[in-house]
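A short write-up of the structure that comes next.
Protein chains: 2
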Amino acid sequence: MITEIAQIEIHPGQEKEFEAAVAKALPFFLAADGCDGVDLLRSVEHPSRYRLTVRWETVEHHTVTFRASEGFAHWRALAGPHFATAPQVEHVHSVLAP
Amino acid sequence: MITEIAQIEIHPGQEKEFEAAVAKALPFFLAADGCDGVDLLRSVEHPSRYRLTVRWETVEHHTVTFRASEGFAHWRALAGPHFATAPQVEHVHSVLAP
Numbered sequence: 000m001i002t003e004i005a006q007i008e009i010h011p012g013q014e015k016e017f018e019a020a021v022a023k024a025l026p027f028f029l030a031a032d033g034c035d036g037v038d039l040l041r042s043v044e045h046p047s048r049y050r051l052t053v054r055w056e057t058v059e060h061h062t063v064t065f066r067a068s069e070g071f072a073h074w075r076a077l078a079g080p081h082f083a084t085a086p087q088v089e090h091v092h093s094v095l096a097p
Numbered sequence: 000m001i002t003e004i005a006q007i008e009i010h011p012g013q014e015k016e017f018e019a020a021v022a023k024a025l026p027f028f029l030a031a032d033g034c035d036g037v038d039l040l041r042s043v044e045h046p047s048r049y050r051l052t053v054r055w056e057t058v059e060h061h062t063v064t065f066r067a068s069e070g071f072a073h074w075r076a077l078a079g080p081h082f083a084t085a086p087q088v089e090h091v092h093s094v095l096a097p
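Here the protein sequences come in this chain order: A and B.
Just so you know, we're using numbering that gives the first Met the number 0 here: the first sequence kicks off at 0 and counts up by one.
Just so you know, we're using numbering that gives the first Met the number 0 here: the second sequence kicks off at 0 and counts up by one.
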């Protein structure tokens, strides 16, 4: 299990609309092959900065399968207009014993 | 409840020692006032980049209480020698309904 962290800077003032767009897009993630959950984190220090975190079975479930899916197109159509810059995407895995 | 994300770049080659140091420092976090859990995430794309995530009741439990504590001094003594640069610290909170 890995976690995608997409750091997203949005246009200041569009926080409410962006959060509503993400909520609307959640089903596309949750229905995706290999997706185990999603969260949206907002920065305290930089309120227009968010991190979308998505748990995937493998990196490829995100970078290959999901990115080629209609769900991804729907997600970007909903949330993309609020992006101030291209999201910075990275994958991480926990190294602590559960 | 908020989450501290400390992004930590370590000296390449010291991954094993750094992870052991964090494991050794875990009790200092878990014993801290207002701490609700810790994880250590390693980047897939940048293997010398980690994110220490700590759940706190409030930002101040981290920035005021913990940073003034002996536990913080112990943590930095254990992990600090492996840091390649100063950690980048930010606090986030989930905006999705549970």
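Glycine included, C-beta positions come from ideal geometry on N, C-alpha and C.
All values reported here derive from a predicted model rather than from experimental measurement.
Through-space distance from A:Gln-6 to A:Ala-83, alpha-carbon basis = As a working mapping, residue 83 of chain A is identified with position 84 in the first sequence. As a working mapping, residue 6 of chain A is identified with position 7 in the first sequence. Answer to the nearest angstrom: the Cα atoms are 11 Å apart.
Write down the C-beta distance between B:Thr-64 and B:Asp-32 rounded to the nearest angstrom, noting that I regard them as a contact closer than 8 Å.
-> On the second sequence, position 65 is the one that residue 64 of chain B refers to. On the second sequence, position 33 is the one that residue 32 of chain B refers to. At roughly 5 Å, the Cβ-Cβ gap stays under 8 Å, so B:Thr-64 and B:Asp-32 are in contact.
Applying the criterion that 16 or more other CB atoms from any shown protein chain within 10 Å of the CB defines a buried residue, is A:Glu-44 buried or exposed?
-> The residue labelled residue 44 of chain A in the question sits at position 45 within the first sequence. Result: exposed.
Considering A:Val-21, what are the terminal residues of the alpha helix (DSSP H) in which it resides?
-> Sequence index remark: in the first sequence, residue 21 of chain A carries index 22 (1-based). Unbroken alpha helix (DSSP H) run through A:Val-21: 14 to 29.
According to a CB-to-CB cut-off of less than 7 Å, which residues of the segment 27 to 55 of chain A neighbour chain B?
-> Asp-38, Leu-39, Leu-40, Arg-41, Ser-42, Val-43, Glu-44, Arg-50
Own chain, CB closer than 7 Å to B:Val-58, minus 5 neighbours either side, in chain order = Against the second sequence, residue 58 of chain B aligns to sequence position 59. Same-chain partners within the cutoff: Ile-1, His-90.
Considering only residues of the same chain and omitting the five flanking positions on each side of B:Arg-40, which have a CB-CB separation below 6 Å?
-> The count along the second sequence starts at 1 and reaches residue 40 of chain B at position 41. It should be noted that the sequence gives Leu, not Arg, for residue 40 of chain B. Here the set comprises Arg-50.
Using a Cβ cut-off of 8 Å (strictly closer), state whether A:Thr-2 contacts chain B.
-> In the first sequence, the residue the question calls residue 2 of chain A occupies position 3. Chain B, which has a Cβ nearer than 8 Å to the Cβ of A:Thr-2, makes this yes.
Can you tell me the Cα-Cα spacing of A:Cys-34 and A:Phe-71, whole angstroms?
-> Taking the first residue of the first sequence as 1, we reach residue 34 of chain A at position 35. Taking the first residue of the first sequence as 1, we reach residue 71 of chain A at position 72. Taking the straight line from one Cα to the other gives about 12 Å.
Can you find a CB in chain B that lies within less than 8 Å of the CB of A:Leu-95?
-> Sequence index remark: in the first sequence, residue 95 of chain A carries index 96 (1-based). It does: the Cβ of A:Leu-95 has a partner Cβ on chain B nearer than 8 Å.
How many angstroms separate the CA atom of B:Val-53 from the CA atom of B:Gly-36?
-> As a working mapping, residue 53 of chain B is identified with position 54 in the second sequence. As a working mapping, residue 36 of chain B is identified with position 37 in the second sequence. Looking at the two C-alpha atoms, the distance is approximately 6 Å.
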